[in-house]
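Residue numbers (this note's numbering): 2 to 327. For every residue, glycine included, the Cβ atom is placed at its ideal position computed from N, Cα and C. Since this is a predicted model, take the numbers as computed values, not measurements. For reference, the structure discussed in these notes is given below.
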């Protein structure tokens, strides 16, 4: 195999991977490879050819036939037919090759959506023996390809225990944030446009998708006992080290913990589990603080606690809880 053929094959490999989606490390490798002018030329030419071949359809074949009729009107019918057949065969071979490549790189060999309503779902087994725990009101999409494993967390809370596979990185996309791991345990929370990552063990890389082309920049690498909160634009809101890992994903044990949390925020979190909405008579009442651990199964205990701490009155109206000053 000569050098030009090797470069063309490598260019096609990069094009296929790029269409599927590159990890940050792969993107850096591609940019480095494209610095060579011969690599860039092969990449651009093959990209153009692939795009043209993918768009191949009956109109294209009709144009071939019309062109033959026009330019070779007086030629022997045998040669016209041979040219047309050869063109069709070549086109079919290209399409067939693209189909095989597409199946390898872009077709998921495992795809499953998981949605929870008012009941959490624990110990979801994936094909590689990774497991996922889902809190209530959580939605994820899982897809496994030949070159990577992906999860899209649309909303909610999830705990991941990922089997190691260096050949197939595990990528979690939530909003514009991408979390890349090889093998680790960690929690991801995506609520109210805020993303929180708590690492139980191992390392995770956090990146931000900063444009419509899927380009990413690495923000930080988190280790065991790290916690990070950020918005969907990649802006850090809170970063702590050496947190108590025993309190990660407390929802698995039906526990919710508050630490100087406003009643407005606390009631919003409890709403996920009780389906009851709290309304406050004044803004000042909504900003009162509460700390402590509560069971997500015992909403009334939470109400009794805040009524004991503060001079407030609680009125229940079906699924609406009204908080007023005494």
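Bridge-paired residues (DSSP) for residue i
i, result
"residue 293", "259"
"residue 281", "324"
"residue 199", "188 and 228"
"residue 115", "141"
"residue 150", "145 and 171"
"residue 159", "135 and 189"
"residue 318", "321"
"residue 313", "326"
Within 8 angstroms, strictly: CB atoms of residue i and residue j
i, j, result
"residue 198", "residue 176", "no"
"residue 230", "residue 220", "no"
"residue 133", "residue 125", "yes"
"residue 242", "residue 226", "yes"
"residue 171", "residue 187", "no"
"residue 302", "residue 256", "no"
"residue 290", "residue 263", "yes"
"residue 153", "residue 174", "yes"
"residue 320", "residue 251", "no"
"residue 261", "residue 292", "yes"
"residue 155", "residue 140", "yes"
"residue 31", "residue 23", "yes"
"residue 157", "residue 135", "yes"
"residue 233", "residue 193", "no"
"residue 47", "residue 9", "yes"
"residue 271", "residue 311", "no"
"residue 27", "residue 18", "yes"
"residue 265", "residue 288", "yes"
Residue span of the alpha helix (DSSP H) that contains residue i, given as start and end
i, result
"residue 265", "264-275"
Whole-angstrom C-beta distance between residue j and residue i, which should lie under 8 angstroms
i, j, result
"residue 112", "residue 138", "The Cβ separation is near 22 angstroms, so there is no contact."
"residue 179", "residue 217", "6 angstroms"
"residue 322", "residue 278", "7 angstroms"
"residue 166", "residue 114", "Between residue 114 and residue 166 the Cβ distance is about 22 angstroms, and since that is not below 8 angstroms, they are no contact."
"residue 181", "residue 200", "In fact, because the Cβ distance is near 13 angstroms, the residues do not count as touching under 8 angstroms."
Where the beta strand (DSSP E) through residue i begins and ends
i, result
"residue 219", "217-223"
"residue 239", "237-241"
"residue 122", "122-126"
"residue 181", "178-182"
"residue 210", "205-210"
*Considering only residues of the stretch 6-53, which uninterrupted alpha helix (DSSP H) runs meet the minimum length of 4 residues and lie entirely inside it, listed in chain order?*
Listed in chain order, the complete alpha helix (DSSP H) runs (minimum 4 residues) inside the stretch 6-53 are 25-34.
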